[in-house]
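In the numbering used here, the protein residues as written are 1 to 146. Just so you know, even glycine gets a beta-carbon here, dropped at the ideal spot from N, CA and C. These notes concern the structure reproduced below.
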């Protein structure tokens, strides 16, 4: 039986975490992926790194988008609801419109939403997408885990 050193265990843990994050991103619907792609394109256009999906933020964002669409209303969530991982900072963008691109443009034309998208403090994100008729709702939940 081989003994594993702490370094080997740490390396294995990193590989497992990266694989899990890759699977989570691969599990996004096409619409959720569009929200993430638009968000990260805006970050890239401003010379910032892309944000990877964080599981708790993703589940929260999708659940909130579905709630907004079901109620056909727009309002913010209680940020910490549904976030089980240890976090230092949270942020949220909520919007609706006729297309994901139009909503992202509106976010970027709003100082508060733009600040969330372009902040360097985040190390993860969750994205939600839901429809009510012709109205699309998107939610972006930003997280800094610590």
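Alpha carbon to alpha carbon, what distance is there between residue 126 and residue 77? The residue given as residue 77 occupies position 77 in the chain shown. The residue given as residue 126 occupies position 126 in the chain shown. Cα-Cα distance, rounded: 14 angstroms.
Residue 136 and residue 103 look like a contact to me (Cβ under 8 angstroms); what is the Cβ gap, rounded to whole Å? The residue given as residue 136 occupies position 136 in the chain shown. The residue given as residue 103 occupies position 103 in the chain shown. Indeed they touch by this definition, with Cβ atoms about 7 angstroms apart.
Touch test, the region 106-122 against the region 58-67, Cβ-Cβ under 8 angstroms, three pairs minimum: no
Using 8 angstroms for Cβ pairs, my map puts residue 52 next to residue 124. What's the rounded Cβ distance? One-based indexing of the chain shown puts residue 52 at position 52. One-based indexing of the chain shown puts residue 124 at position 124. Yes, they are in contact, since the Cβ atoms of residue 52 and residue 124 sit about 6 angstroms apart, within 8 angstroms.
Verify whether the separation of the beta carbon atoms of residue 86 and residue 56 is less than 8 angstroms. Here residue 86 refers to the residue found at position 86 of the chain shown. Here residue 56 refers to the residue found at position 56 of the chain shown. It is not a contact, given that the beta carbons lie outside the stated cut-off.
Counterpart residues of residue 90 in DSSP-defined beta bridges: For the purposes of this step, residue 90 is taken as the residue at position 90 of the chain shown. In DSSP, residue 90 forms a bridge with 143.
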